[in-house]
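Residue numbers (full-length UniProt numbering): 3 to 514.
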Ligand code: UN1
């Protein structure tokens, strides 16, 4: 019993004849081989998907270029209306799409539903935004002149997304890009292509219904080679990429070489500072979900706890007791808290990290283990582990995409903040405290250096209304809420002279 996944696939419109790349309703046959999308839940194939080749890529880009010429002239609120319908369609398929996400990448069904909810939320946000793509007006220094700025659509936006949020991160990009008048070309993770295909079916129907051309939303199935094509292609003014720092550096370099724009959302090494003034129940709950939710495979997952020495033993003991109650297994069975890692390679990295932290002197608080036996046949299920460690350990400085939590002791709040900042990554951070001075120090200019800094909330589970992203090796990009939309448009400053003279700026005289 695969928890009704085949009927969910059917309702999502996934059929054997359209398991590949598409420009919308038009599914392209590349003639290439099919590869299997396997579920880490049971280790078996769900369906086979066709890889694109360079001809498929060319077809997609040229269709997108033509589509952009039309789409950019559709008034933004009308573009918003289409995004509203996409949000409504997502509401209807929430259970099925949530299930597919859960089954294809292994997060719990509740988190699969949460991910689809993020998509619905960003569609709502984008609909409002479609009437608020505001530019400023300025006072010209010259008489009889008016000056203002406007935001125009940018063009083709390439989106490279990761397996861990196989659909939400795409929607953060597309919902904004579409209301901004851009067209999108999406390369989903090759580890979760079916979730991408399901989304493409949903949106293609709606664009067609509105008489919109093929190519506003395209899907291209493939591996890093497709990412390379997008990164080097000057017909793609913006590449938005989510994934590892290694991948982000390659994309950033290739896009930078042609002076294109990249929006990078890369690794995190997120910490929660637990002070002696923390509400301890809250701190334990926040740390627990942050560390083991999505089996530690969020870019916002809690990887480090920086704990005041006076409460260190208590936190370690309470967490160990909470970990002993975790139920690990099929993520579609709602009795389980933790599902599998994405694949066997991820399991190897988990094992290697545990070896490494031990070798570097880490002290085991809750041991790790790869689970075997009934229900664990895929070999992807692991026990979340906890180690006491030091911040400077090489493995602690590194993002391991697995449920391994490092506990680090501190004495003063200044030291805690320095430890929090003392890693190459800068995505998410949190402090658990009821002390106003500690909280404000953490949020100050001398506090957390991350793109996200929370008080009495864990590091993961950001809402879409805020700008999402981080500093340093996290890549600097911001997606989703606030004014992240500006990355998807080009700004134009306009000065209009309605006088009968032609004065020069800065008072320059140039008479003949
Ligand atoms: C990611 O892991 O790539 O803040 C995104 C969170 C989610 C998004 C995570 N809203 O945990």
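Cβ coordinates follow ideal geometry from the N, Cα and C atoms, glycine included.
### Query
Per DSSP, what kind of secondary structure is residue 122 in: helix, strand or coil?
The answer is helix: DSSP assigns residue 122 an H, G or I state.
### Task
May I ask you to list the residues that DSSP assigns as paired with residue 40?
Answer by DSSP bridge pairing, in chain order: 47.
### Secondary structure of residue 61, DSSP reduced to three states
Residue 61 falls in the helix class under three-state DSSP.
### Query
Assuming residue 435 contacts residue 289 under a Cβ cut-off of 8 Å, what Cβ separation, rounded to an integer in Å, is found between them?
Cβ atoms of residue 435 and residue 289 stay farther apart than 8 Å, at about 14 Å.
### Task
With hydrogens ignored, establish whether the beta-carbon of residue 464 is closer than 6 Å to any heavy atom of ligand 1.
Closer than 6 Å to some heavy atom of ligand 1: that describes the Cβ of residue 464.
### Whole-angstrom distance between residue 164 and residue 13, CA atom to CA atom
Rounded to the nearest angstrom, the gap between the Cα atoms of residue 13 and residue 164 is 24 Å.
### Query
Is there at least one non-hydrogen atom of ligand 1 closer than 6 Å to the beta-carbon of residue 105?
The answer is no for residue 105.
### Query
What residue from 498, 491, 512 has the CA that sits closest to residue 241's CA?
Nearest Cα to residue 241 within the set 498, 491, 512: 491.
### Task
Could you tell me which residues DSSP puts in a beta bridge with residue 24?
The secondary-structure analysis by DSSP pairs residue 24 across a beta bridge with 29, 221.
### Query
For the beta strand (DSSP E) that contains residue 306, what are its first and last residues?
Here the beta strand (DSSP E) through residue 306 covers 304-310.
#### Entry: residue 412 - partner residues in DSSP beta bridges
Looking at the DSSP assignment, residue 412 forms a beta bridge with 310.
### Query
For ligand 1, any of its heavy atoms closer than 6 Å to the Cβ of residue 287?
Taking 6 Å as the cut-off, one finds no heavy atom of ligand 1 near enough to the beta carbon of residue 287.
### Query
Touching or not, the region 438-454 and the region 104-116, by the rule of three or more beta carbon pairs under 8 Å?
Judged by Cβ distances under 8 Å, the region 438-454 makes no contact with the region 104-116, as fewer than three pairs qualify.
### Query
Around the C-beta of residue 285, are 16 or more other C-beta atoms found within 10 angstroms, so that it is buried, or is it exposed?
Around the CB of residue 285, 16 or more other CB atoms lie within 10 Å, so the residue is classed as buried.
### Query
Taking the C-alpha atoms as reference points, what is the distance between residue 317 and residue 291?
In a straight line, the C-alpha of residue 317 is about 15 Å away from that of residue 291.
### Query
Excluding the five sequence neighbours on either side, which residues of its own chain have a C-beta within less than 8 Å of the C-beta of residue 39, listed in chain order?
Same-chain partners within the cutoff: 47, 48, 49, 50, 51, 106, 193, 194, 195, 196.
### Residues near residue 175 in its chain [Cβ-Cβ closer than 6 Å; skip 5 each side]
Residues 161, 242 of the same chain have their beta carbon placed closer than 6 Å to that of residue 175, with the five preceding and five following residues left out of the count.
### Query
Where does residue 212 sit, in a helix, a strand or coil, going by DSSP?
Residue state, collapsed to three classes: coil.
### Message
For the structure I just gave you, are there three or more beta carbon pairs, one from the region 371-391 and one from the region 415-426, closer than 8 Å?
### Response
The region 371-391 is not in contact with the region 415-426.
### Under 7 Å between C-beta atoms of residue 188 and residue 221
Yes, Cβ-Cβ distance for residue 188 and residue 221 is below 7 Å.
### Query
Whole-angstrom Cβ separation of residue 16 and residue 200, contact assumed at under 8 Å?
6 Å between Cβ atoms; contact.
#### Entry: Close-in-space but distant-in-sequence residues of the same chain around residue 44 (CB under 6 Å, 5 per side omitted)
Only 380 meet the Cβ criterion.
### Task
Report yes if the CB atom of residue 151 is closer than 7 Å to the CB atom of residue 480, and no otherwise.
Taking a C-beta distance under 7 Å as the contact criterion, residue 151 and residue 480 do not qualify as a contact pair.
### Rounded C-alpha distance that separates residue 311 from residue 122
Distance between the alpha carbons of residue 311 and residue 122: 43 Å.
### Task
Compute the minimum distance between the beta carbon of residue 125 and the heavy atoms of ligand 1, and state whether it is under 6 Å.
Not so, every heavy atom of ligand 1 lies at least 6 Å from the Cβ.
### Assumed close pair residue 23, residue 54 - CB separation to whole angstroms, cut-off 8 Å
Yes, they are in contact, since the Cβ atoms of residue 23 and residue 54 sit about 4 Å apart, within 8 Å.
### Query
Considering only C-alpha positions, which residue in the set 455, 366, 56, 315 is nearest to residue 412?
It is 315 whose Cα lies nearest to the Cα of residue 412.
### Query
What are the partner residues of residue 155, as DSSP defines its beta bridges?
The bridge partners DSSP lists for residue 155 are 491.
### Query
Does ligand 1 have even one heavy atom less than 6 Å from the beta-carbon of residue 4?
No, since every heavy atom of ligand 1 falls outside the 6 Å radius drawn around the Cβ of residue 4.
### Query
Taking 6 Å as the line, does the beta carbon of residue 300 fall inside it for any heavy atom of ligand 1?
Yes; taking the cut-off as 6 Å, the Cβ of residue 300 has a heavy atom of ligand 1 nearer than that.
#### Entry: Reference residue 449, options 472, 459, 473, 422, closest by Cα
Comparing alpha-carbon positions, the option among 472, 459, 473, 422 lying closest to residue 449 turns out to be 422.
### Spatially closest choice to residue 307 from 41, 512, 433, by CA coordinates
Nearest option by C-alpha distance: 433.
### Query
Does ligand 1 have even one heavy atom less than 6 Å from the beta-carbon of residue 403?
The answer is no for residue 403.
### Task
Measure the alpha-carbon distance for residue 299 versus residue 271 and round it to whole angstroms.
Approximately 12 Å, taken between the alpha carbons.
### Query
Is residue 167 near ligand 1, in the sense that its beta carbon is under 6 Å from a heavy atom of that ligand?
Indeed, a heavy atom of ligand 1 lies less than 6 Å from the Cβ.
### Task
Would you list the one or two residues that DSSP bridges to residue 273?
According to DSSP, which records beta bridges pairwise, residue 273 is partnered with 306, 431.
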